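**Student:**
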Amino acid sequence: MSLTAASSIFYLFFALFFWLVWIPIVAFSLETKKWKRIFFIILTIIGFIFGLYLWIPILLETGPRHLIKTSVCGHSLCYITSDYSLFAITTGHIIYSLLGFLFLLSSNRIFIKFWALVMALGVIVYFTQRETWVSTWCFFAAISTLWIYFLLTNDYKAKINK
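This is the structure in structure tokens:
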């Protein structure tokens, strides 16, 4: 396996699977209302199933859903979708968008502001870096994941000090 292929599989794990599971878990852990916690558990399960649906064919690189071909564009990875994957990719964009709006239901104001910023950055990156959107998005997602870690740590410390 080439370095480009290995990097693609690693990057796409975060873009197509990890974030669909991680963000609902974060929202769940910050939530105080029971019905919203149940809602975020359901979103975690949906994210897990759909994330596997998108990522496993890329990991295995076989089957009729060979989703993405990777090449190097400048200094970034460029993901080229095949005709067979248009449905999956479009569905992924719709699900990401819907999940984004659903996370605005969180009771945690900092999380809501964070998620609104993530959604805005996602749209900006999509329209300005379309060819390398997934690579650019993964970079911002990595930075955002670190920020979420600090958000969770501070929330935990605040709960301990009460």
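Residue numbers 14 to 175, in our numbering, belong to the letters of the sequence shown in order. Where a beta carbon is used, it is the ideal one built from N, C-alpha and C, also for glycine. If you're wondering where the values come from, they're calculated on a predicted model, not measured in any experiment.
1) Quick one: Cα of R164 to Cα of I71, how far?
2) What runs of the alpha helix (DSSP H), each 4 residues or longer, lie entirely inside the stretch 16-61?
3) Figure out for me which residue from F152, V138 and L56 has the closest Cα to the Cα of S42.
4) Terminal residues of the continuous alpha helix (DSSP H) containing L134?
5) Could you check the C-alpha separation between F26 and W68 for me, to the nearest Å?
6) I'd like to know whether the C-beta atoms of V39 and G64 end up nearer to each other than 8 Å.
**Tutor:** Concretely, from the data shown:
1) A small correction: the amino acid at residue 164 is Leu; Arg does not occupy that position in the sequence shown. Distance between the alpha carbons of L164 and I71 is about 32 Å.
2) Qualifying alpha helix (DSSP H) stretches, in chain order: 16-25 and 32-43.
3) L56
4) Where L134 is concerned, the enclosing alpha helix (DSSP H) stretches over R122 to T141.
5) Rounded to whole angstroms, F26 to W68 spans 6 Å at the Cα level.
6) no
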